[in-house]
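Residue 172 is where the sequence shown starts when you use the numbering used here, and the numbers rise one by one after that.
Here is the structure we will look at.
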Amino acid sequence: MKLDVLAFGAHADDVELGCSGTIAKLQALGYKTGVVTLTQGEMGTRGNAEIRRQEFETAGEILKLSIHNMLDLPDGFVEVNKANKLKLIHEIREYQPSIVFAPYWVVRHPDHGAASRLVREACFLAGLKKIDTGQDAHRPYKVMYYHSRFEFKPSFIVDITDYHKIKIKSILAYKSQFHNPDMAQYGPDQTLISRPDFLDRIITRDKQYGTYIGVKYGEPFLVREAIKIDDPVAHFGPEYLETIP
Ligand SMILES: [Zn+2]
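Next up, the structure:
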């Protein structure tokens, strides 16, 4: 199946936290979307691989994804190596996405940094026809990085106001990862994202990026290359007036 947009995450829930509003919007606009996680989340402090797979499936249904796959790289120890690049090349060639979403490379969790580099390099390598995977070569037009933990100056921000409810619903599909009032707030079973204020922080961040473009909720993206605009007059219409600080 050919996809328009394929989003990669190191773990189930990375994509939902980072860019699921944009994915829901693109799906509603008629594009085919998919998510591939590199690991099965078996090292997660809470839940286990089976629970996380079920949550991943539920989130995928909420986002109406065309495909939703988990690879089997070792959680916590994702490496940038040839074997792993070949696994990603296989996915890229299988789904031939025009656009790929990847985690931003400045990270806290080492898997996210490795995933960022693996995705970028695999997108390039997937276009080299002499790398034989038994599939046609395919190189996506653009890799776009979504917010993971550390801020970046966005290349652009997508208005996700009408899709923010779907984003939150897809995040809450990961019941095992989020706050459970029956568990102690601090201790060995708690993580950064299981704290009671975590979802508030996500919502605040989405509002912050929305403010930058004059809408209620936004998701930031970074591209490494300059963005071409053919007609700056047509592109920057009256709505940009609202975004002047
Ligand atoms: Zn993660």
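In this text, a Cβ means the ideal position worked out from N, Cα and C, and glycines have one as well.
If we ignore side chains and look at the alpha-carbon of each, how far apart do Ala230 and Val329 end up? 20 angstroms
Looking only at C-alpha atoms, which of Glu396, Ile398, Pro403, Tyr388 sits nearest to Cys190? Tyr388
Can you say whether Thr216 is buried or exposed, counting buried as having 16 or more other CB atoms within 10 angstroms of its CB? exposed
Regarding Asp246 and ligand 1, is the C-beta to nearest heavy atom distance less than 7 angstroms? no
What separation, rounded to the nearest whole angstrom, lies between the Cα atoms of Thr332 and Ile384? 11 angstroms
His239, DSSP secondary structure in three states: strand
Buried or exposed: Asp368, going by 16 or more other Cβ atoms within 10 Å of its Cβ? exposed
Helix, strand or coil at Phe272 according to DSSP, with G and I counted as helix: strand
Look up Val176 in the DSSP assignment and give the residues it is bridged to. Thr204, Ile270
When you compare the CB positions of Leu174 and Pro268, do they come within less than 8 angstroms of one another, or not? yes
Mind checking whether the beta-carbon of Ala181 lies closer than 7 angstroms to any heavy atom of ligand 1? yes
Can you name, in chain order, every residue of its own chain whose Cβ lies under 6 angstroms from the Cβ of Val251, other than the five neighbours on each side? Ala285, Arg288, Leu289
Does DSSP put Gly345 in a helix, in a strand, or in coil? Here residue 345 is Tyr; the residue named in the question, Gly, does not match the sequence. DSSP places Tyr345 in coil when its eight states are reduced to three.
Can you give me the start and stop residues for the beta strand (DSSP E) that Val314 sits inside? 313-317
In whole angstroms, what separates the C-alpha of Phe323 from that of Leu393? 7 angstroms
Any contact of the segment 244-260 with the segment 194-201, i.e. 3+ C-beta pairs under 8 angstroms? no
Under 8 angstroms: do the segment 306-326 and the segment 219-238 share three or more Cβ pairs, one atom per stretch? no
Where do the ends of the beta strand (DSSP E) carrying Gly385 lie? Element bounds for Gly385: n/a, residue is neither H nor E.
Sequence-distant residues of the same chain with beta carbon closer than 8 angstroms to His406, five excluded per side: Ile400
Residue(s) in a DSSP beta bridge with Glu390: Val329
So the alpha helix (DSSP H) Thr304 belongs to, where does it begin and stop? From DSSP, Thr304 is part of no alpha helix (DSSP H); its letter is neither H nor E.
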